[in-house]
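Enquirer: There's a structure below that I have some questions on.
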Amino acid sequence: MDIPFNKLTQKELLQQHLYPRINAGERTYIVTANPEIVMQTRVDAVYKKSVKSADYIIPDGAGVVVASKILGNPIEERVTGFDLMFKLLSYAEKHNLSCYFLGAKQEANERAVNRVRSQYPGIRIAGSHHGYFNADAEASVAELAAATKPDLIFVAMGFPRQENFIAAHKHLFEKGVFMGVGGVFDILAGEMKRAPQAWIKLNLEWLYRLIKQPFRWKRILKAFEFMFRVLIRK
Numbered sequence: 545m546d547i548p549f550n551k552l553t554q555k556e557l558l559q560q561h562l563y564p565r566i567n568a569g570e571r572t573y574i575v576t577a578n579p580e581i582v583m584q585t586r587v588d589a590v591y592k593k594s595v596k597s598a599d600y601i602i603p604d605g606a607g608v609v610v611a612s613k614i615l616g617n618p619i620e621e622r623v624t625g626f627d628l629m630f631k632l633l634s635y636a637e638k639h640n641l642s643c644y645f646l647g648a649k650q651e652a653n654e655r656a657v658n659r660v661r662s663q664y665p666g667i668r669i670a671g672s673h674h675g676y677f678n679a680d681a682e683a684s685v686a687e688l689a690a691a692t693k694p695d696l697i698f699v700a701m702g703f704p705r706q707e708n709f710i711a712a713h714k715h716l717f718e719k720g721v722f723m724g725v726g727g728v729f730d731i732l733a734g735e736m737k738r739a740p741q742a743w744i745k746l747n748l749e750w751l752y753r754l755i756k757q758p759f760r761w762k763r764i765l766k767a768f769e770f771m772f773r774v775l776i777r778k
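Counting from 545, one number per residue, gives the positions in the sequence shown under my numbering.
As structure tokens, this is what we get:
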């Protein structure tokens with residue numbers, strides 16, 4: 545794998561790295577990478593640059609963890625973006641931090657923000673914006689978000705768009721943790737369901753998604769191609 549994954553556990557990542565950087569007001573860019581993202585970096589040089597510019601690339605995908613062991617450079621723990629986001633939201637509520645939510649359709653975005661408010665009543669919402677805007681509007685959307693001076697910026701626009709957006713515009717912000725979170729807003733809004741914990745523990749989250757969303761089959765094939773390439777390299 546030509547992507548420098550960090551090997552930290554979720555606890556180590558949060559307590560030894562993210563919380564101190566948040567408290568110090570440092571800009572921090574996190575990529576939550578699964579096999580599909582790794583495969584995309586093979587064919588998209590711009591995207592690869594966006595991913596590799598991150599401060600932390602976390603193994604959000606059981607396939608990444610399995611591949612690391614096959615290649616003799618084992619990663620101890622899968623760290624999902626979904627779980628990491630909620631840990632950060634909890635920390636934000638306890639420490640009076642503000643959050644910005646960028647992505648999804650307008651209605652889904654609003655419902656997601658309301659769900660966060662309900663679950664974390666003490667949290668500060670810096671602002672929000674849907675993700676349905678064209679490339680010409682990216683800079684203005686980023687400037688609007690930056691003007692709110694958020695501590696945490698969650699971008700739910702799917703890959704490669706969310707990582708390219710963060711990499712291109714994070715310099716506009718004085719501070720903040722930036723993280724692409726894919727379809728998490730849709731889950732919060734009730735438009736999608738996350739796989740049950742039993743499926744997640746068995747590393748079958750991909751199968752649950754395929755059953756619920758058959759149109760994802762091409763993305764699942766990419767995950768299998770990823771493992772095939774790992775085995776060949778081994």
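The beta-carbon is built from N, C-alpha and C at its ideal position, and this holds for glycine as well.
1) Give every residue of the same chain whose Cβ lies closer than 8 angstroms to the Cβ of tyrosine 664, excluding the five residues on either side of it in the sequence, and list them in chain order.
2) Once you ignore the five residues that flank phenylalanine 703 on each side, which residues in its own chain have a CB closer than 6 angstroms to its CB?
3) Please work out which residues of its chain come closer than 6 angstroms, Cβ to Cβ, to glycine 647, disregarding the five sequence neighbours upstream and downstream, and give them in chain order.
4) Does the stretch 682–692 come close enough to the stretch 703–717 that 3 or more CB-CB pairs lie under 8 angstroms?
5) Mind the definition here: the stretch 595–603 touches the stretch 567–584 only if three or more C-beta pairs lie below 8 angstroms; say whether that holds.
6) Considering threonine 576, what are the terminal residues of the beta strand (DSSP E) in which it resides?
7) Across which residues does DSSP place leucine 646 in a beta bridge pair?
8) Go ahead and label phenylalanine 772 buried or exposed: buried means 16 or more other beta carbons lie within 10 angstroms of its beta carbon, across all protein chains shown.
9) Please list the terminal residues of the continuous alpha helix (DSSP H) segment that includes leucine 635.
10) Going by C-alpha to C-alpha distance, which of Met723, Gln560, Ile667 sits closest to valine 595?
11) Considering only DSSP beta bridges, list what tyrosine 600 is partnered with.
12) Measuring CA to CA, which of Ala589, Val609, Ser672 is closest to leucine 552?
13) Give the secondary structure of arginine 668 by DSSP, where H, G and I count as helix, E and B as strand, and everything else as coil.
14) According to DSSP, which residues form a beta bridge with valine 590?
15) Could you tell me the alpha carbon to alpha carbon distance between alanine 606 and glycine 734, rounded to whole angstroms?
16) By DSSP's criteria, glycine 720 is part of a beta bridge. Which residues make up the other side?
17) What is the C-beta distance between glycine 720 and arginine 571, in whole angstroms, given that I count them as a contact (C-beta under 8 angstroms)?
18) I need the straight-line Cα distance from leucine 562 to asparagine 640, nearest angstrom please.
19) By the 10 Å Cβ neighbour count, where 16 or more other Cβ atoms means buried, how is glutamine 706 classified, buried or exposed?
20) Give me the residue from Arg661, Met629, Thr585, Asn550 with the minimum Cα distance to leucine 696.
21) Rounded to whole angstroms, what's the CA-CA distance from asparagine 591 to isoleucine 667? Just pull it up for me.
22) I'd like to check one pair, phenylalanine 645 with alanine 652: are the Cβ atoms closer than 8 angstroms?
23) Within this structure, are the beta carbons of leucine 558 and valine 660 separated by less than 8 angstroms?
24) Return helix, strand or coil for leucine 641, following the three-state DSSP convention.
Expert: A quick look at the data gives this:
1) Leu633, Ser634, Ala636, Glu637
2) Ile581
3) Gly675, Val699, Ala700, Met701, Phe729
4) yes
5) yes
6) 571–577
7) His673, Val699
8) exposed
9) Looking at the sequence provided, one finds tyrosine at residue 635 rather than leucine. Looking at the DSSP string, the run of the alpha helix (DSSP H) that includes tyrosine 635 is 625–638.
10) Met723
11) Ile574
12) Val609
13) strand
14) In DSSP, valine 590 forms no bridge with anything.
15) 25 angstroms
16) Arg571
17) 6 angstroms
18) 16 angstroms
19) buried
20) Met629
21) It is worth fixing the name first, because residue 591 is tyrosine in this sequence and not asparagine. Between tyrosine 591 and isoleucine 667, the C-alpha separation is close to 32 angstroms.
22) no
23) no
24) coil
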